[in-house]
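J.:
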Amino acid sequence: MSKNNTEQKLNCANNVATTQRIPIQVQPVQNRTHHQNNKIHIRQQKGDLQKIRTGMNTLLVALFFLLPFISYQGRQAILFDLSEQQFIFFGTTLWPQDFTILAWVFIAAAFMLFFVTVFLGRIWCGYLCPQTAWTFIYVWIETQIEGNSNKRVALDKAPWSGEKLKKRLLKHSAWGVIALLTGCGFIAYFIPARELYIDIFTFNASFWVTTWVWFFAICTYLNAGWMREQMCLHCCPYSRFQSVMFDANTKTVTYNAVRGENRGPRKRNQVTNSGGDSALKLGDCVDCNLCVEVCPTGIDIRNGLQYECIDCGACVDACNQTMDKFGYQRNLISYTSENALSGKAEPFYESYKFIGYGIAALIMLTVIVADIHTRSNIELNVLRDRQSLYRETNDNKIENSYTLKIRNKTQQTRLYRIYVSGNNGYRLAGGVNLKIKPGEQLDYPVTVVAEPESFANSHNEITFTIAEQHNYGQVSQQSSFFAPI
Ligand code: SF4
Ligand code: SF4
């Protein structure tokens, strides 16, 4: 044991000193000590980081459920209205042709995620990922009903009895309710939320709405109740390519092997190797195994950085609790970087990856702002009459006909005025004022008239402008006017 630990300590120290990329290890399942029939029974941990994680998870879950209930300008503020093919976001309506902005948003989000990952590792996974948030909710329910991790392991092993059946029924019912609410919460982004909840719980929802709610409810139940860390280990692509983003300055949950080894049990307040000369010949790790028991992915962080680690910080809080009990300095396990551990004071902002991802994220955010700033709430398409190039009227004028396809992209009824401009004294024959309902596209036929003597060419430019009458914007499009030259 002692020889192995010494080798491990030296290996860790060598790794810290010589490598640029943090080694990622895959540990065999049998090394994970709090499994029962391949199920991890997480021990619940309290601590500063867990307070932050719980707070962030609570905020995330509250936002998820409450956002669909926020109204703006008389409509649900965030709504992917599939039947109307529009996405409403706080008064801004995006149509399928505007969806490039969603592509920019996803690309910007990816670069921001990479940017944060270079600096703080998989902080997203541990503190904001819905998979983690819902898993911890399910574990909390499990703990309230079946007890702490030891009691849950005992209950798993126990033969079926009335008590076990009652606890299991209660737990799965509570999980089911959360899953059903989550299914409703998700579909509420696609169907007006207030009607949805009433329809689902009064059994008045349509077949397809009910099917989708149950589909997402079952996914939630299976993911958070049964699959849990398996999703992170086998399904999430992020865990697989995270090591590409890490560098020696990335702050990630790390065990200080130089300080901790040799590990071993001892009485409280004994001076260790890290505290000076000691007859104990032990490092600060008291081998209490708490860091393993609280780990939601079932790993032992003392074996080095592993791709299963989601940076949730539970082991940091657990180890700090042990360090406090034994009177040792905190942060034997902490968010730290390879460079910090080896004493190299290289600032994180000197990392070329950090700068690169930061610049890429800034560029994408600029593109999004520019896209929003330049987009118009009116859509105009001018189609020339294909039947004839021009007509000569009884009073010797030249006229061309067009169809204006005008869409009001807002959520309010708007009044518009049509203008024509060009070098040939164009004039609109007929009405120039329009009223268009929210989201409606109007096919509006117009005729433009001009004097024949104003033309030097047969093919002339003409510009149509649609202006909102209360200065909510305008849009123009060029077309052609033909004359008999
Ligand atoms: S090793 Fe620590 S930080 Fe990583 S997943 Fe396990 S408990 Fe969370
Ligand atoms: S919690 Fe800390 S002291 Fe206990 S086994 Fe883990 S690293 Fe060692």
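Be aware that the sequence shown starts at -1, since it is given in the numbering used here, and climbs by one per residue. The C-beta atom is built at its ideal place from N, Cα and C for all residues, glycine as well.
Which residues neighbour ligand 1 when neighbourhood means a C-beta less than 6 Å away from any of its non-hydrogen atoms? List them by chain order.
T.: Output, sorted by chain position: V251, V292, C293, P294, T295, I297, I299, C307, I308, D309, C310, G311, A312, C313.
J.: For ligand 2, any of its heavy atoms closer than 7 Å to the Cβ of D245?
T.: no
J.: Go through its chain and collect everything with a Cβ distance to Q202's Cβ below 8 Å, but skip five positions before and after it.
T.: According to the sequence shown, residue 202 is Asn rather than Gln. Closer than 8 Å at Cβ, skipping near neighbours: I196.
J.: Using the C-alpha atoms, what's the distance from G183 back to N254?
T.: 42 Å
J.: When the Cα atoms are used, what is the spatial distance from L432 to I416?
T.: Rounded to whole angstroms, the gap between the alpha carbons of L432 and I416 is 8 Å.
J.: Can you tell me whether T320 sits near ligand 2, meaning its C-beta is under 7 Å from at least one heavy atom of the ligand?
T.: yes
J.: What runs of the alpha helix (DSSP H), each 4 residues or longer, lie entirely inside the stretch 124 to 198?
T.: Listed in chain order, the alpha helix (DSSP H) runs fully inside the stretch 124 to 198 are 128 to 144, 147 to 155, 160 to 185, counting runs of at least 4 residues.
J.: Excluding the five sequence neighbours on either side, which residues of its own chain have a C-beta within less than 7 Å of the C-beta of G160, listed in chain order?
T.: none
J.: Which partner residues does Q472 have in the DSSP bridge list?
T.: In DSSP, Q472 forms a bridge with A465.
J.: With distances taken between CB atoms, is the gap from Y305 to S241 smaller than 8 Å?
T.: yes
J.: Quick check: what's the CA-CA separation for F453 versus N422?
T.: 7 Å
J.: Just tell me which of P436, V418, P450 has its CA closest to the CA of V444.
T.: From the listed residues P436, V418, P450, the smallest Cα separation to V444 is found for V418.
J.: Looking only at its chain, what residues have a beta carbon closer than 7 Å to the beta carbon of A246, apart from the 5 residues adjacent to it on each side?
T.: Taking A246 as the centre and dropping the five residues before and after it, the same chain places the C-beta of Q18, S335, E336, N337 closer than 7 Å to its C-beta, in chain order.
J.: Can you find a heavy atom of ligand 2 that lies under 7 Å from the Cβ of A316?
T.: Correct: A316 has its Cβ closer than 7 Å to ligand 2.
J.: Are G119 and F244 touching if we call contact CB-CB under 8 Å?
T.: yes
J.: Taking the alpha helix (DSSP H) that A359 falls in, what are its first and last residues?
T.: 350 to 372 is the span of the alpha helix (DSSP H), which, as asked, contains A359.
J.: Taking C-beta to C-beta, are T320 and I308 nearer than 8 Å?
T.: For T320 and I308, no; Cβs fall outside 8 Å.
J.: By Cβ distance, which residues of its chain are closer than 7 Å to G471, with the 5 residues on each side in sequence left out?
T.: S374, N375, I376, listed in sequence order.
J.: Name the residue from G53, L363, L387, G258 whose alpha carbon lies nearest to the alpha carbon of A131.
T.: G53
J.: Specify whether the stretch 381 to 400 and the stretch 356 to 367 touch according to this definition: at least 3 beta carbon pairs, one from each stretch, less than 8 Å apart.
T.: no
J.: Below 7 Å, is the gap between the Cβ of L288 and the nearest heavy atom of ligand 2?
T.: yes
J.: Where do the ends of the alpha helix (DSSP H) carrying F104 lie?
T.: 98 to 118
J.: Using the beta-carbon count (16 or more within 10 Å), is L233 buried or exposed?
T.: As written in the sequence, residue 233 is Cys, which differs from the Leu given in the question. C233 should be labelled exposed.
J.: By how many angstroms is the C-alpha of A427 removed from the C-alpha of Q476?
T.: 18 Å
J.: What are the boundary residues of the alpha helix (DSSP H) that D79 is part of?
T.: That residue, D79, is in no alpha helix (DSSP H); its beta strand (DSSP E) goes 76 to 79.
J.: By DSSP, does N398 sit in helix, in strand, or in coil?
T.: Strand, per DSSP.
J.: Please find out if some non-hydrogen atom of ligand 2 comes closer than 7 Å to the beta-carbon of D285.
T.: yes
J.: Which whole-angstrom value is the C-beta distance of N379 and Y388, which I expect to be below 8 Å?
T.: That pair is no contact at about 21 Å.
J.: If you follow the alpha helix (DSSP H) that Y236 is in, where does it begin and where does it stop?
T.: 235 to 243
J.: In the DSSP assignment, what are the bridge partners of Y417?
T.: Looking at the DSSP assignment, Y417 forms a beta bridge with T463.
J.: By a C-beta neighbour count over all protein chains shown, 10 Å radius and 16 as the cutoff for buried, is W206 buried or exposed?
T.: exposed
J.: Apart from the five residues just before and just after Q48, which ones in its own chain have a Cβ nearer than 8 Å to its Cβ?
T.: G311, A312, D315
J.: Output the distance between the C-alpha atoms of K342 and F113, rounded to the nearest integer angstrom.
T.: 22 Å
J.: What is the DSSP secondary structure of F85, reduced to helix, strand or coil?
T.: strand
J.: Let me check you understand the geometry: is the CB of P330 closer than 7 Å to at least one non-hydrogen atom of ligand 2?
T.: Residue identity check: residue 330 is Leu in the sequence provided, not Pro. Answer for L330: yes, Cβ within range of ligand 2.
J.: Could you tell me which residues DSSP puts in a beta bridge with R389?
T.: E397
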